[in-house]
Each structure stands twice: as C-alpha cells, then as structure tokens.
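A quick write-up on the structure given underneath.
Protein chains: 2
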Amino acid sequence: MTRWTTDARSRLERAAVDLYLERGYAETTVAALAERAGLTERTYFRHFPDKREVLFANEETLRAALAAAVAEAPDGDVRSLVRAGLDEVARRLQPRHAELVRRGPIVAGHPDLQERELIKLASWTTTLRDAVVARGVDEATAALAAAVGIAVLDVAARRWLAGTPDADLVAGLHDALAGAGDLLGA
Amino acid sequence: MTRWTTDARSRLERAAVDLYLERGYAETTVAALAERAGLTERTYFRHFPDKREVLFANEETLRAALAAAVAEAPDGDVRSLVRAGLDEVARRLQPRHAELVRRGPIVAGHPDLQERELIKLASWTTTLRDAVVARGVDEATAALAAAVGIAVLDVAARRWLAGTPDADLVAGLHDALAGAGDLLGA
DNA sequence: CGCACCGATGTCAGCGACTGACATCAGGGT
DNA sequence: ACCCTGATGTCAGTCGCTGACATCGGTGCG
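Residue numbers (this note's numbering), protein chains in the order written: chain A, 162 to 347; chain B, 162 to 347.
See below:
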C-alpha cells in the first residue's frame with residue numbers, strides 16, 4: 162500500500178509501445194508518453210535514461226542469463242560453452258515471440274532504435290566472451306567464438322521472428338550454427 | 162574560385178576529431194566545433210545529419226567498395242564471394258591504421274558513438290548479404306555468411322588496431338576466418 | 001501517539017541537439 | 001547588365017535531457 166502505484170515502470174513500457182505504434186516513435190513526445198502513463202516527463206527520465214531505453218528494459222535480464230548459463234555449463238569445451246549460452250538465450254526468447262513481433266516494426270522503422278538494439282547485441286557479445294574467458298578459454302579464441310556465436314544467434318532470431326509463433330528458435334539456432342559451420346569449414 | 166572555401170566538410174571533420182580529443186565528445190558543442198572550422202552550427206548540420214556522423218563520414222565509401230568487390234569477384238562460390246568483399250575492406254583499412262587508432266578512444270569512450278559504429282557495421286552486413294544474393298546465392302545462406310563474415314572482420318580489425326601499425330590486417334582476417342572455421346566445424 | 005525521516009514524484013529553469021523559414025551574396029550563364 | 005543558383009548566415013522554436021528544490025504519504029522509532 163504505497164502512495165504511488167508501484168507499476169510506474171511497466172505502465173511506462175506499455176504506454177511507450179502503444180504510442181510508438183499509434184503515432185510513431187519520432188512523433189511521440191516523452192512528455193506525451195509519460196502523461197499516458199499518468200506521470201511526468203521528469204519521472205520518465207528517473208526510470209529510463211533516454212527515450213529509447215524503455216523499449217529495451219528487459220534485455221539486461223537476458224544478458225545476465227547468458228552469463229549464468231555459460232558459468233554453469235557442464236563441459237569446458239569452447240563450442241559447448243558458447244552453445245550453452247546461446248541456447249539459454251534462445252529458450253528465454255521463445256515465449257516472447259508475440260511481444261517481439263509487435264515491437265519489431267517500431268525498431269525497424271527508426272535508426273535510433275536499431276542502434277540501441279545493436280549495442281545490446283554487442284553487450285551480449287562481450288558478456289559471452291568474458292563468461293567464456295572465465296571458464297578458462299584464452300581471450301582471442303573467446304572473442305572470436307562470442308562474436309560469431311552472437312552473429313549466428315541474431316540471424317536465427319530474425320528468421321524465427323519472420324516465421325510462425327510456434328517455430329522453434331532453439332532448433333533454428335542449431336540449424337544456423339550448422340550452416341555457418343558448413344560455410345566456414347568446407 | 163568560389164566564394165567559400167570548398168573544404169568546409171573536411172575542415173569540420175578535422176575540427177571534430179581535434180575538439181573531441183581535446184575537450185571530450187560530450188563537452189564539445191556543435192556550435193564550438195563549427196566555430197573552430199570557421200562556420201556556423203547551422204552549416205554543420207547541412208553537412209552532417211547529427212553530431213556523431215562527422216566521425217563516420219568515409220564509411221560510405223567502404224560500403225560501396227565492399228559491394229563492388231563482391232559484384233566483380235571472379236568465382237561464384239559463397240565463401241569466395243564473401244572473402245573477396247572482406248579482403249577488399251581489409252585492404253582499404255590497412256593504410257588508415259593511424260587515423261583509426263586516433264579515432265578509437267573517442268568512439269570507445271561514448272556509447273552514442275559506439276552505437277553509430279555498430280549500425281555502420283550492420284549496414285555492411287546487409288550490403289554484403291545483398292551483394293552475395295545478387296551473385297545468385299539464396300537469401301538465407303547469404304544472410305548467414307554475411308553476418309558471420311562481418312563479425313569475423315570486426316574481431317580481426319579490433320585485434321589489428323590493438324597491434325602495431327604495420328601488422329597485416331588481411332592476414333589477420335584470414336587467420337580469424339580459419340579460427341572461426343575450426344571453432345564451428347570441429 | 002507524534003514526529004522525524006525516506007523515497008517516489010512534481011515543478012521549474014536551463015542547456016544543447018536539431019529543424020524550418022527566410023535573408024544574403026558571390027559567381028556563372030544568358 | 002541581370003537573374004539565378006548554391007553555400008552560408010540568422011533567427012526562432014521544439015524537444016531530449018538534467019540539476020536543484022519542493023511535496024507528501026508511509027515507515028519506523030521514541
């Protein structure tokens with residue numbers, strides 16, 4: 162029983178997706194967004210550092226899960242470490258198909274938002290690299306494996322988002338990894 | 162003999178690097194940058210769409226060269242097409258080691274600039290993919306090969322920038338490609 | 001029970017990135 | 001000579017974002 166509703170943050174997230182879809186991202190003012198959530202512009206900026214971040218709030222959770230999965234993976238081989246991490250992310254993405262499909266067009270339509278998405282991906286890459294290094298792999302190998310792994314995950318995820326909601330992302334990821342192996346190894 | 166010096170654009174580019182290094186990116190005002198170049202803030206924005214782009218002006222040239230290299234590559238195999246593109250970029254990057262090392266810390270210190278750099282990389286990926294598709298490769302394979310190829314190039318380039326100016330980026334790229342093949346194909 | 005403190009929010013003023021509209025002015029072509 | 005073009009300057013305004021300070025219900029402590 163607090164004075165303020167405790168879901169300010171999620172109200173802002175919903176208001177953002179709604180308004181960005183209704184009026185477009187560029188045409189939506191942070192003030193308008195906050196008002197839709199029953200808050201002030203200033204309060205918005207206490208929850209999110211800028212106008213874009215509201216669309217990427219949960220990515221941090223995925224990053225942590227990625228690191229944890231690598232840390233707890235049973236085997237010490239580079240390939241299986243990376244795969245453990247990627248699989249975990251894929252598993253967690255799977256139930257969010259609808260949400261991501263809804264958010265997709267917003268991001269696709271605005272370079273600013275694409276940039277933000279790309280830097281999240283890049284942070285996954287460094288996270289994955291560091292987690293693999295922590296398991297005893299040398300830096301150079303880890304950096305290469307992480308970069309390639311995340312790149313493949315990205316391709317698989319895009320394919321998955323373009324398909325039906327019940328398509329299996331984990332399976333798609335494995336296909337893509339195999340495909341990449343064919344391309345590079347032949 | 163025009164009324165205005167024709168090198169306004171390059172003056173802005175030099176002023177930007179200088180000031181971003183002297184005072185820092187965030188602390189540098191576009192107005193100050195333009196003044197250093199003997200111009201007005203408004204004029205700056207007629208040459209570059211925003212405060213960051215001045216640091217990435219020539220990337221477009223590289224993108225075009227990447228597309229051209231793939232289009233003119235002799236062999237039709239996916240691997241050699243991608244490799245032709247990556248090699249061309251690496252070759253053109255080689256002489257720019259000093260410049261890139263100088264620009265590196267600026268970009269590294271500011272997420273905004275990293276984002277811009279990442280979206281340039283992403284545009285290389287789609288360019289490469291489209292160029293490979295134009296050579297008759299199916300879309301899915303091309304997308305995967307382009308994503309992995311650019312990711313490997315990125316890793317190789319970072320390694321190269323961390324080393325001595327005379328290190329061979331093309332050779333480093335080939336090493337990285339081989340390394341990625343080992344990782345995925347084993 | 002009262003009170004002092006805390007934490008989420010509101011208010012206000014201000015900076016800087018970016019844009020649209022209009023003015024200026026040398027050079028080039030007619 | 002004259003008009004037109006293109007790069008620039010000037011001005012006003014919007015919006016993202018921030019620091020400083022005020023507000024006020026809840027919480028815990030005496």
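Every residue gets a Cβ at the ideal spot worked out from N, C-alpha and C, and that includes glycine.
Using C-beta distances below 6 Å, list every residue in its chain close to Ala177 (chain A), excluding the 5 sequence neighbours before and after it, in chain order.
Along the first sequence, one-based indexing puts residue 177 (chain A) at 16. Answer for Ala177 (chain A): Leu194, Val215, listed in chain order.
Go ahead and pull the three-state DSSP assignment for Lys125 (chain B).
Outside the modelled stretch of chain B, which goes from 162 to 347, sits residue 125 (chain B), for which no answer is possible.
Limits of the alpha helix (DSSP H) - the one that Val250 (chain B) falls within:
Start at 1 with the first residue of the second sequence, and residue 250 (chain B) comes out as number 89. Counting along the chain, the alpha helix (DSSP H) containing Val250 (chain B) begins and ends at 239 to 254.
Leaving aside the five residues before and after Ala232 (chain B) along the sequence, list all residues of the same chain whose C-beta is less than 8 Å from its C-beta, in chain order.
One-based indexing of the second sequence puts residue 232 (chain B) at position 71. If we look at Ala232 (chain B) and ignore the five residues flanking it on each side, its Cβ neighbours are Ala292, Ala295, Arg296.
Give the DSSP-derived three-state secondary structure of Arg264 (chain B) in the structure shown.
Position 103 of the second sequence holds residue 264 (chain B). Arg264 (chain B): helix per DSSP, three-state reduction.
Straight-line Cα distance separating Phe206 (chain A) from Leu352 (chain B)
Because chain B is modelled from 162 through 347, residue 352 (chain B) falls outside the range shown and cannot be assessed.
Does the Cβ-Cβ distance between Thr288 (chain A) and Leu227 (chain A) come in under 8 Å?
By 1-based counting over the first sequence, the position of residue 288 (chain A) is 127. By 1-based counting over the first sequence, the position of residue 227 (chain A) is 66. Contact flag set, yes.
Quick one, which residues of the region 215 to 241 of chain A are near chain B if we go by CB-CB under 7 Å, in chain order?
Within the region 215 to 241 of chain A, those residues whose Cβ lies closer than 7 Å to any Cβ of chain B are, in chain order, Val239, Arg240.
Quick check: the region 322 to 332 of chain A against the region 250 to 267 of chain A, are at least 3 beta-carbon pairs closer than 8 Å?
With a cut-off of 8 Å, the region 322 to 332 of chain A and the region 250 to 267 of chain A count as touching, because enough Cβ pairs lie within range.
State whether the region 296 to 307 of chain A contacts the region 237 to 247 of chain A, with contact taken as three or more CB pairs (one from each stretch) at a distance under 8 Å.
Counting C-beta pairs with one atom in each stretch, the region 296 to 307 of chain A and the region 237 to 247 of chain A have three or more that are closer than 8 Å, which means they touch.
Short-range partners of chain A found in the region 331 to 342 of chain B, where Cβ spacing is below 8 Å
Cβ contacts with chain A: Ala337, Leu338, Gly340, Ala341, Gly342.
Note down the Cα distance separating Thr286 (chain B) from Asp315 (chain A), rounded to an integer number of angstroms.
Position 125 of the second sequence, counting from 1, holds the residue named residue 286 (chain B). Position 154 of the first sequence, counting from 1, holds the residue named residue 315 (chain A). Distance between the alpha carbons of Thr286 (chain B) and Asp315 (chain A): 12 Å.
Got a sec: is the Cβ-Cβ distance from Pro272 (chain B) to anything in chain A below 8 Å?
Position 111 of the second sequence, counting from 1, holds the residue named residue 272 (chain B). For Pro272 (chain B), the answer is yes, since a Cβ of chain A falls inside 8 Å of its Cβ.
Where the alpha helix (DSSP H) through His335 (chain A) begins and ends
In the first sequence, residue 335 (chain A) corresponds to position 174, counting from 1. Its alpha helix (DSSP H) spans residues 330 to 346.
Counting C-beta neighbours from all protein chains within 10 Å, is the total for Arg290 (chain B) 16 or more, i.e. buried, or is it exposed?
The residue given as residue 290 (chain B) occupies position 129 in the second sequence. Its Cβ being crowded by 16 or more others within 10 Å, Arg290 (chain B) is buried.
Would you give the residue range spanned by the alpha helix (DSSP H) that Thr166 (chain B) belongs to?
Mapped onto the second sequence, residue 166 (chain B) falls at position 5. Unbroken run through Thr166 (chain B): none, as it is neither H nor E.
Look at the alpha carbon of Asp238 (chain A) and the alpha carbon of Ala337 (chain A), and state the distance between them as a whole number of angstroms.
Position 77 of the first sequence, counting from 1, holds the residue named residue 238 (chain A). Position 176 of the first sequence, counting from 1, holds the residue named residue 337 (chain A). Cα-Cα distance, rounded: 20 Å.
Between A:Asp299, A:Gly340, A:Lys212, which has its C-alpha nearest Ala187 (chain A)'s C-alpha?
Residue numbering aside, residue 187 (chain A) sits at position 26 when the first sequence is read from its first letter. Minimum Cα distance to Ala187 (chain A) is reached at A:Lys212.
Pull up the distance between the alpha-carbon of Ile115 (chain A) and that of Val250 (chain A), whole angstroms please.
Look at the range of chain A in this structure, 162 to 347, and you will see that residue 115 (chain A) is not part of it.
Interface residues of chain A facing Val313 (chain B) [CB-CB closer than 8 Å]
Indexing the second sequence from 1 puts residue 313 (chain B) at position 152. Near Val313 (chain B) (Cβ distances below 8 Å), the residues of chain A are Leu305, Ala308, Val309.
Considering Asp315 (chain A), what are the terminal residues of the alpha helix (DSSP H) in which it resides?
Within the first sequence, numbered from 1, the residue matching residue 315 (chain A) stands at position 154. It spans 300 to 323 - the alpha helix (DSSP H) in which Asp315 (chain A) sits, taken as one unbroken run.
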